[in-house]
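Participant: First the structure, then my questions, so here it is.
In this note's numbering, the protein residues as written are 712 to 1042.
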């Protein structure tokens, strides 16, 4: 990332606010950088953009692999653009735990949407961040909002115990499901369902149409008592392939926004998310500083090996490393 006059945080912010797509891409690259000097520039950029953020509809979408998230998002994005909106998709790709590599293939799965001038698709590796959400996804959302995108979609890796992190950064968390029978219904993690503001059964077409209807009925019955404040969680069906039901999904998102804005729940949720973001950043920055500390770095590999070999307890190893990091005994 160059620091020439044309690419200073102030100049980059001006270009982002003009809707310059290259500048938007550069800005997100800057905020995703782990270099210390880039972090300072990213902070200055975000400070300049912050007054121009917060006006979008933020939607998180999760679902098991094979549910058709990318196909759904493309159909959804095209529909919303057709209504006069601008859509940014922040697609979090799974990162290899062995190599750190990432597929980053969402643009190839959303060919039609990627061609739209009012769409922006940014694949980012999930890395080691819990929740299937890239560490800087929250900041990327702000940059997209400042660039004029009024619908932000965060596509997460898939359903897992830590996948719920997406609910801490969006206005509405949507869970996509496959048409399934009783045994399959039991396999969906209860915690994920309870976090959902909207449940959508995809692939409700062809031979699966009848199964989808039964799945919708089963989930409506199961979620009868589930409410998020004044909002009762609806269960819808759609076919991303045929575009059937996409309009109902968007209309429901609009209903959710209207109800939560009127009650103040949307503002409260965003305030709570900002607080959660603060503590998330503190935790992750502390872990980074801990790992980078010379005294910790000198002994970390050896202590990890001893822990895995059963020669020392994790508690004792952690205490020893924390004492090296803090330079004092741990109470």
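Even for Gly, the Cβ is constructed at its ideal location relative to N, Cα and C.
Put residue 773 into one of helix, strand or coil per three-state DSSP.
Facilitator: Numbered from 1 along the chain shown, position 62 holds the residue referred to as residue 773. It is a strand residue.
Participant: Could you tell me whether the Cβ atoms of residue 905 and residue 764 are closer together than 8 Å?
Facilitator: Counting from one through the chain shown, the residue named residue 905 turns up at place 194. Counting from one through the chain shown, the residue named residue 764 turns up at place 53. Contact flag unset, no.
Participant: By the three-class DSSP mapping on this structure, what secondary structure does residue 948 have?
Facilitator: As a working mapping, residue 948 is identified with position 237 in the chain shown. The answer is strand: DSSP assigns residue 948 an E or B state.
Participant: Pair every Cβ in the region 924-937 with every Cβ in the region 962-971, then say whether three or more of these pairs are closer than 8 Å.
Facilitator: Segments in contact, no.
Participant: Check each candidate in 918, 774, 1021, 977 and name the one with the smallest Cα separation from residue 889.
Facilitator: Against the chain shown, residue 889 aligns to sequence position 178. Comparing Cα positions, the closest option is 774.
Participant: Within this structure, are the beta carbons of residue 863 and residue 737 separated by less than 8 Å?
Facilitator: Taking the first residue of the chain shown as position 1, residue 863 is located at position 152. Taking the first residue of the chain shown as position 1, residue 737 is located at position 26. Their beta carbons are not under 8 Å apart, which means residue 863 does not touch residue 737 by this criterion.
Participant: Count the other C-beta atoms from every protein chain shown that fall within 10 angstroms of the C-beta of residue 977, then say buried if there are 16 or more, exposed otherwise.
Facilitator: To locate residue 977, count along the chain shown from 1; it is residue 266. Per the 10 Å Cβ criterion, buried.
Participant: Quick one: is residue 765 near chain B, going by C-beta distance under 8 Å?
Facilitator: Annotation note: the requested chain B is absent from the structure, which comprises a single protein chain.
Participant: Around the Cβ of residue 760, are there at least 16 other Cβ atoms within 10 angstroms (buried) or fewer (exposed)?
Facilitator: As a first step, residue 760 is located in the chain shown; it is residue number 49 there, counting from the start. That one is buried.
Participant: Please report how far the alpha carbon of residue 990 lies from the alpha carbon of residue 884, in whole angstroms.
Facilitator: In the chain shown, the residue the question calls residue 990 occupies position 279. In the chain shown, the residue the question calls residue 884 occupies position 173. One C-alpha to the other measures close to 21 Å.
Participant: Provide the residue span of the alpha helix (DSSP H) that contains residue 852, from first to last.
Facilitator: As a first step, residue 852 is located in the chain shown; it is residue number 141 there, counting from the start. Taken as a continuous stretch (DSSP letters only), the alpha helix (DSSP H) holding residue 852 covers 848-857.
Participant: Is the number of C-beta pairs between the region 941-950 and the region 906-925 that are closer than 8 Å three or more?
Facilitator: Flag = yes, the region 941-950 and the region 906-925 touch.
Participant: With distances taken from CA atoms, which of 920, 882, 903 is nearest residue 982?
Facilitator: Start at 1 with the first residue of the chain shown, and residue 982 comes out as number 271. Residue 882 is the option with its Cα nearest to residue 982.
Participant: Tell me whether residue 815 sits in a helix, a strand or coil according to DSSP, three-state version.
Facilitator: Here residue 815 refers to the residue found at position 104 when the chain shown is read from its first residue. Because residue 815 sits at a pLDDT of 46, beneath the cut-off of 50, its placement in the model cannot be relied upon, and the following sentence gives the value as read from the coordinates. In this structure, residue 815 counts as coil in the three-state DSSP scheme.
Participant: Who are the Cβ neighbours of residue 950 in its own chain at under 6 Å, not counting the five residues just before and after it?
Facilitator: The residue labelled residue 950 in the question sits at position 239 within the chain shown. Counting only Cβ-Cβ distances below 6 Å, and skipping sequence neighbours, we find 915, 916.
Participant: Using a threshold of 8 Å, state whether the C-beta atoms of residue 820 and residue 781 are closer than that.
Facilitator: Mapped onto the chain shown, residue 820 falls at position 109. Mapped onto the chain shown, residue 781 falls at position 70. A contact, by the Cβ cut-off of 8 Å.
Participant: Report the residue from 803, 846, 755 whose alpha carbon sits nearest the alpha carbon of residue 993.
Facilitator: Looking up residue 993 in the chain shown gives position 282. Of the candidates 803, 846, 755, the one whose C-alpha sits nearest the C-alpha of residue 993 is 846.
Participant: My output table needs one value for residue 993: the three-state DSSP class, helix, strand or coil.
Facilitator: Taking the chain shown and counting its residues from 1, the one referred to as residue 993 is at position 282. Three-state result, residue 993: helix.
Participant: Using the Cα positions of residue 973 and residue 980, report the straight-line distance between them to the nearest angstrom.
Facilitator: One-based indexing of the chain shown puts residue 973 at position 262. One-based indexing of the chain shown puts residue 980 at position 269. So the alpha carbons of these two residues sit roughly 13 Å apart.
Participant: Evaluate residue 1042 with the Cβ neighbour count: other Cβ atoms within 10 Å of its Cβ, from every protein chain shown; 16 or more gives buried, anything less gives exposed.
Facilitator: Counted from its first residue, the chain shown places residue 1042 at position 331. Classification of residue 1042: exposed, given that the 10 Å Cβ count is below 16.
Participant: I need the DSSP call for residue 729, collapsed to helix, strand or coil.
Facilitator: Counting from 1 along the chain shown, the entry for residue 729 is found at position 18. Three-state result, residue 729: coil.
Participant: By the three-class DSSP mapping on this structure, what secondary structure does residue 938 have?
Facilitator: For the purposes of this step, residue 938 is identified with residue 227 of the chain shown, where counting begins at 1. Correct three-state label for residue 938: strand.
Participant: Alpha carbon to alpha carbon, how far is residue 1030 from residue 826?
Facilitator: As a working mapping, residue 1030 is identified with position 319 in the chain shown. As a working mapping, residue 826 is identified with position 115 in the chain shown. About 53 Å.
Participant: Assuming residue 784 contacts residue 850 (C-beta within less than 8 Å), just tell me the rounded distance between them.
Facilitator: What you label residue 784 is simply residue 73 of the chain shown in a count that begins at 1. What you label residue 850 is simply residue 139 of the chain shown in a count that begins at 1. That belief does not hold up - the Cβ atoms of residue 784 and residue 850 are roughly 21 Å apart, past 8 Å.
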